[in-house]
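Note that the sequence shown covers residues 1 to 184 in the UniProt record's numbering. Heads up, the beta-carbon is just placed ideally off N, CA and C, and yes, glycines get one too. On a predicted model such as this, the values are computed, not experimentally measured, just so you know. To keep things clear, I will list the structure first and then write my remarks on it.
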Amino acid sequence: MSKISPKTLRIVYCATFIAIAVVVGSFLSFYVTESIKFNLAPVIIMLTGAVLGPIYGAAAGGVTDVLSFLIGTAAKPGPYFPGFSVTMVLYGLIAGLLFYRKDRQSEVPSIAKISLGTVLIQTICSLLINSFWTYFLYGPSYAVVLAARIPSTYIMCVVYVVLMCILLKNKQRMFRSLYAPAGK
Numbered sequence: 001m002s003k004i005s006p007k008t009l010r011i012v013y014c015a016t017f018i019a020i021a022v023v024v025g026s027f028l029s030f031y032v033t034e035s036i037k038f039n040l041a042p043v044i045i046m047l048t049g050a051v052l053g054p055i056y057g058a059a060a061g062g063v064t065d066v067l068s069f070l071i072g073t074a075a076k077p078g079p080y081f082p083g084f085s086v087t088m089v090l091y092g093l094i095a096g097l098l099f100y101r102k103d104r105q106s107e108v109p110s111i112a113k114i115s116l117g118t119v120l121i122q123t124i125c126s127l128l129i130n131s132f133w134t135y136f137l138y139g140p141s142y143a144v145v146l147a148a149r150i151p152s153t154y155i156m157c158v159v160y161v162v163l164m165c166i167l168l169k170n171k172q173r174m175f176r177s178l179y180a181p182a183g184k
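Pasting the structure below:
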């Protein structure tokens, strides 16, 4: 039996995360208002960055957003806007930079680090950047969009923190083949 290379394994995991994020983002998301969306796909993208690294996380974020658009099953279909793809790329990139450690992959971040990191990611990506894209597309003032998105951003932040804590605390069991010592 041939051994699968670590690089191939990472690509397979990345593709799996992308598929899960597309399904979750397409079928388990909905708009509360025109500018506020309930979506769990960013958690999958953040997990990709945390488990596989910032490059894989960023790639997964971009590919997920484009595939979700192409499949056309998003909660609110419409024209493609690359700004939201940039945001998804940043979800994976920032999570990878904060949570991924190549030299200490088996180390699980503390709940405080996961919480602070998730709040930082949500503030940058959802509150600041997505508010700007919404302002850019729909036109009300940035301050109005920002104020409207504050409650939903931090409500989702609580959901994301809980999910990230559960997923990262169990990453050893879920991704055993990634963390197996070489040669075994």
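Taking every protein chain shown into account, the CB of A112 has fewer than 16 other CB atoms within 10 angstroms, so this residue is exposed.
Fully enclosed alpha helix (DSSP H) runs of no fewer than 4 residues occupy 54-71 of the region 43-94, in order along the chain. Annotation: the continuous alpha helix (DSSP H) that includes F132 extends over 131-138. In this structure N170 is exposed. Its beta-carbon is surrounded by fewer than 16 other beta-carbon atoms within 10 angstroms.
It is roughly 44 Å from the alpha-carbon of L127 to the alpha-carbon of K3.
Residue burial annotation: G96 is buried, with at least 16 other C-beta atoms found within 10 angstroms of its C-beta. If you check the CB distance, I94 and L120 come in under 9 Å. Assignment of V12 by DSSP, reduced to helix, strand and coil, places it in the helix class. Contact annotation: I18 and A60 have beta-carbon atoms nearer than 9 Å. In this structure, L47 is the residue among Y142, M88, L47 with its C-alpha nearest to the C-alpha of Y13.
Bounds of any alpha helix (DSSP H) do not take in K37; it lies within the beta strand (DSSP E) bounded by 36-38.
Classified as exposed, R176 has fewer than 16 neighbouring CB atoms from the shown chains inside 10 Å of its CB.
Between the alpha carbons of G72 and A148 lies a gap of roughly 27 Å.
The straight-line gap separating the alpha-carbon atoms of G62 and P54 is approximately 12 Å. According to DSSP, Y31 shares a beta bridge with K37. Counting along the chain, no alpha helix (DSSP H) covers C125, and no H or E run does either.
Where S115 is concerned, the enclosing alpha helix (DSSP H) starts and stops at 111-121. Each of V51, T87, V145, A143 was checked against the Cα of D65, and the nearest Cα belongs to T87.
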